[in-house]
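Undergrad: Going by UniProt numbering, 237 is the number at position 237 of the sequence shown; the sequence numbering is gapless.
Please find one structure pasted underneath; my questions will follow.
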Amino acid sequence: MFPQSQNFTSNQQDSLLQSSSPSNQLILDNQLKSNVLSNLHLFNNIVFAPTQQMNQQVIQLYDRIIEQCDQEEQDCIQLIIRRREERKQQRESNERRRQQERIDEKEKEEKRIKRRIKMKEKEKEKEQQYRKEKEDKESIWVKDKFDLLLQLKQQMDEEEMKDEEERKKEEQEEKEQEEEKQKKIKENEQSDPKLNETEQQQQQQQQDNEQEQEKKQLALLQKERDRDSKTKERKREIEDDN
């Protein structure tokens, strides 16, 4: 029996292939070379054997070596093909993954942009609502102030008209009283130039009463003027506040 050369089984080769390591590929290549050289060494040792049996064994060995080389060559070719196909599939898978990642990232960016736009729109709506409420409040405040000023002005106009009517009435009464007084004096002078003392006292008392009445009217008029002055001052203060 000839010593058998060490060969990798198909499962061992597939295991080395699946590892996809350069060192494993080198081990596989070296083992293939070792198998061939080992078989050739056996062939050289027995090729010149004298017996026919040994020559037959040499022929068989030679055929086995050729067959093994062919098989190993096919295995190597298939291994290369499989590795190329696997690398191709891996590249395609990586490319698909990268494309999907780019698509996902683009979708995320679009969502972020939409969220920012939506947030800005909400902020704008809030700002517009705040401005509207502020303008409404200011409009109500201005209207209230205007109504108050208008009411105050009407009240002052009414008081001024009333005071003017009273003043005219008082002036008319004073004028009538003075005319009546002068009329009586003339009548008395014409009827009796020398009035007795009692009548003179009565006239003096009447004059004093009239003077007192005039003083009271003047005091009342001054009081009303002071009130008008205070009302006007209040109006100016409100206008200054506005």
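We treat Cβ as the ideally placed atom computed from N, Cα and C, and that holds for glycine.
Roughly how many angstroms separate the alpha carbons of Gln203 and Ala219, rounded to a whole number?
TA: Numbered from 1 along the sequence shown, position 203 holds the residue referred to as residue 203. Numbered from 1 along the sequence shown, position 219 holds the residue referred to as residue 219. Whole-angstrom Cα-Cα distance: 24 Å.
Undergrad: Does the beta-carbon of Val58 have 16 or more other beta-carbons within 10 angstroms, so that it is buried, or is it exposed?
TA: Reading the sequence shown from its first residue, position 58 is the one you call residue 58. Result: buried.
Undergrad: So for Lys223, helix, strand or coil by DSSP?
TA: Here the question's residue 223 lines up with position 223 in the sequence shown. Correct three-state label for Lys223: helix.
Undergrad: Could you tell me the distance, in whole angstroms, from the CA atom of Lys118 to the CA atom of Glu158?
TA: Here residue 118 refers to the residue found at position 118 when the sequence shown is read from its first residue. Here residue 158 refers to the residue found at position 158 when the sequence shown is read from its first residue. If you take the alpha carbons of Lys118 and Glu158, they lie about 59 Å apart.
Undergrad: With C-beta atoms as the reference, is Glu160 less than 9 Å away from Lys181?
TA: Translated into positions along the sequence shown, residue 160 becomes position 160. Translated into positions along the sequence shown, residue 181 becomes position 181. Cβ atoms of Glu160 and Lys181: not closer than 9 Å.
Undergrad: Just checking my contact of Glu170 with Gln217 at CB under 8 Å: how many whole Å lie between their CB atoms?
TA: Position 170 of the sequence shown, counted from the start, is the residue given in the question as residue 170. Position 217 of the sequence shown, counted from the start, is the residue given in the question as residue 217. At roughly 6 Å, the Cβ-Cβ gap stays under 8 Å, so Glu170 and Gln217 are in contact.
Undergrad: For Glu224 and Asp163, which I take to be in contact (beta-carbon distance under 8 Å), what is that distance rounded to the nearest angstrom?
TA: On the sequence shown, residue 224 is found 224 positions in, with the first residue counted as 1. On the sequence shown, residue 163 is found 163 positions in, with the first residue counted as 1. About 6 Å; that satisfies the 8 Å criterion.
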